[in-house]
Amino acid sequence: MQIKLTAVFQKVPEGYIGFVEELPGVNTQGDTLEEARSNLEEAVQLVLDANRQLAEESLQGQDVIKESFPVSTP
């Protein structure tokens with residue numbers, strides 16, 4: 002299964018800025034569109050990793066159930 006997210010890129014005088022509509026905090030920039038795309042992929046992974054770490058820290062020592070959560074997209 003693959004989740005499809007929406008990347009938005011905007012041309013600015015310095016190059017391109019980009020963000021993912023569905024993931025607040027995921028944004029980047031690049032001199033070229035290709036660089037901005039590559040940077041955005043890295044930003045998605047960094048935000049997901051950081052969110053996972055924050056969740057693990059906040060739940061540490063608590064009685065919780067963790068399981069995979071498949072997401073269906075239209």
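Numbering-wise, our numbering puts 66 at position 65 of the sequence shown, and it's gapless, one number per residue.
Where is the CB? At the ideal position from N, CA and C, for every residue including glycine.
Under the three-state DSSP convention, the category residue i falls into
i     : result
Gln46 : helix
Gln30 : strand
Ser59 : helix
Gln54 : helix
Ser69 : coil
Per DSSP, cross-strand counterpart(s) of residue i
i     : result
Ala8  : Val21
Gly16 : Val13
Same chain, Cβ closer than 6 angstroms to residue i, five either side skipped, listed in chain order
i     : result
Glu68 : none
Gly31 : Gly16, Tyr17, Ala37 and Asn40
Gln11 : Ile18
Practice problem: Take every Cβ of the region 17-24, pair it with every Cβ of the region 33-43, and state whether three or more of those distances are shorter than 8 angstroms. | Solution: yes
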